[in-house]
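Undergrad: Numbering (the numbering used here), first residue to last: 366 to 691.
Ideal Cβ positions, reconstructed from N, Cα and C, are used throughout, including at glycine.
Shown below is the structure under consideration.
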């Protein structure tokens, strides 16, 4: 065994310190970091775009990862949104569509692109484009290199008109169809059977499938189903209503609704009896027409199989007062 002198001991001690410092630095650099979903969701209630990583100069609602080579963030639209024509001189943009539906138009080729939930796409530098998105759209974006290299261009009238038009979605209804796509969504919904003193029922004509239906829609966060049906009737028809009864539940796994934005929804609906307490007819963008039609003739109008079943259940409920369960 050799005996080390004082200089060797000092050098070894210094070496160990350097190794420890290197290890700590390596661990800090490579350890996993996290931004919680709760923080991101809270931030997106205050802004439509939340950066998660980048060399950012402006203060962010949530802490982000400081990164000099890339920008990463989420864009979220609760209302119809559009972006005027522009291009990036250096950056490549990568997009992952988390929810909803968005459309782009290439101003150089006039080609239109439609992307749905689950699509991943790239926009290269110099591509001059405009964009429009439907409500409920969320995009994860990655931009490299980072920086403000955006250049806006003059907008043709036709592109401006295109941006102002809403993104239309269509739906296809399936009933016990072996060819139906597999559902990827279940959303609680409510509808109202509003029958007047003439035994006429109120129906609206939906734009997404051009068929007649009782007014209603999906429940939003913070409301129960009774509040949901009141809001939906108000939005779709302009009428205020009072819920007066419970007609039935509709959760048949054989009833599937496929939307053109990629959502395939399984039926989950509560049908209420209701009466009008105020308001006047004012249709929203989801409906093209309305009608008061005899309850006994309603099912002769173009409507889905599930909607015809609900009409029959309304007639039965008004005669016997017994709710239906499907």
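For the segment 510-529 against the segment 626-638, do three or more pairs of beta-carbon atoms, one drawn from each stretch, fall closer than 8 Å, so that the two count as touching?
TA: Output reads no: the segment 626-638 does not touch the segment 510-529.
Undergrad: Are residue 678 and residue 634 touching if we call contact CB-CB under 8 Å?
TA: No.
Undergrad: Following the continuous beta strand (DSSP E) through residue 462, name the residue where it begins and the one where it ends.
TA: Counting along the chain, the beta strand (DSSP E) containing residue 462 begins and ends at 457-464.
Undergrad: How many Å lie between residue 620 and residue 449 at the Cα?
TA: Rounded to the nearest angstrom, the two C-alpha atoms are 40 Å apart.
Undergrad: Could you name each continuous beta strand (DSSP E) segment of 3 residues or more that falls completely within the segment 606-666, going from the start of the chain to the end?
TA: Qualifying beta strand (DSSP E) stretches, in chain order: 620-624, 629-631, 634-644, 652-659.
Undergrad: Take residue 648 as the anchor and find which of 421, 598, 624 has the nearest alpha-carbon.
TA: When only C-alpha atoms are compared, the closest one is 598.
Undergrad: Answer with buried or exposed for residue 638, where buried requires no fewer than 16 other C-beta atoms within 10 angstroms of its C-beta.
TA: It counts as buried.
Undergrad: So what does residue 448 bridge to, in DSSP terms?
TA: Beta-bridge pairing links residue 448 to 496.
Undergrad: What is the DSSP secondary structure of residue 531, reduced to helix, strand or coil?
TA: The answer is coil: DSSP assigns residue 531 none of H, G, I, E or B.
Undergrad: Since residue 516 is in the beta strand (DSSP E), which residue starts that stretch and which ends it?
TA: That run of the beta strand (DSSP E) goes 515-517.
Undergrad: Pick helix, strand or coil for residue 547, following the three-state DSSP scheme.
TA: Residue state, collapsed to three classes: coil.
Undergrad: In the DSSP assignment, find the unbroken beta strand (DSSP E) run with residue 406 in it and report its ends.
TA: Unbroken run through residue 406 is the alpha helix (DSSP H), 402-409; no beta strand (DSSP E).
Undergrad: Once the 5 residues before and after residue 404 are set aside, which same chain residues still bring their CB inside 7 Å of it?
TA: Same-chain partners within the cutoff: 427.
Undergrad: Just checking my contact of residue 603 with residue 645 at CB under 8 Å: how many whole Å lie between their CB atoms?
TA: Their Cβ separation, rounded to whole angstroms, is 6 Å, which keeps residue 603 and residue 645 in contact under 8 Å.
Undergrad: Assuming contact is defined by CB atoms lying nearer than 8 Å, are residue 581 and residue 691 in contact in what I supplied?
TA: No, the pair does not count as a contact, with Cβ atoms beyond the cut-off.
Undergrad: Are at least three pairs of beta-carbons, each pair with one atom in the segment 495-507 and one in the segment 584-596, less than 8 Å apart?
TA: The answer is no - the segment 584-596 does not touch the segment 495-507, with fewer than three Cβ pairs under 8 Å.
Undergrad: For the alpha helix (DSSP H) containing residue 684, name the first residue and the last one.
TA: Looking at the DSSP string, the run of the alpha helix (DSSP H) that includes residue 684 is 670-685.
Undergrad: May I ask you to list the residues that DSSP assigns as paired with residue 538?
TA: Answer is 622, bridged to residue 538.
Undergrad: Out of 533, 471, 618, point me to the one whose CA is closest to residue 521's CA.
TA: It is 471.
Undergrad: Whose C-beta lies closer than 7 Å to the C-beta of residue 606 among residues of the same chain, with five residues either side of it excluded?
TA: Closer than 7 Å at the Cβ level, and outside the excluded window around residue 606, lie 557, 559, 595, 598, 639, 640, 641, 642.
Undergrad: Alpha carbon to alpha carbon, how far is residue 546 from residue 514?
TA: Roughly 42 Å separates the two Cα atoms.
Undergrad: Classify residue 600 as helix, strand or coil using the three-state DSSP reduction.
TA: Here residue 600 sits in helix by DSSP.
Undergrad: State yes or no: is the C-beta of residue 620 nearer than 7 Å to some heavy atom of the ligand ZN?
TA: The ligand ZN is not part of the structure shown, which contains no ligands of any sort.
Undergrad: Taking three-plus beta-carbon pairs below 8 Å as touching, is the segment 424-441 in contact with the segment 400-415?
TA: Yes, they touch.
Undergrad: Give me the Cα-Cα distance between residue 618 and residue 541, rounded to the nearest whole angstrom.
TA: Rounded to whole angstroms, residue 618 to residue 541 spans 8 Å at the Cα level.
Undergrad: Can you name the start and end residues of the beta strand (DSSP E) that residue 487 belongs to?
TA: Per DSSP, residue 487 belongs to the beta strand (DSSP E) from 485-488.
Undergrad: Applying the 10 Å Cβ sphere with the 16-neighbour rule, what's the burial state of residue 468?
TA: With 16 or more Cβ atoms within 10 Å of its Cβ, residue 468 is classed as buried.
Undergrad: I need the boundaries of the beta strand (DSSP E) containing residue 571, first residue and last residue.
TA: Per DSSP, residue 571 belongs to the beta strand (DSSP E) from 565-571.
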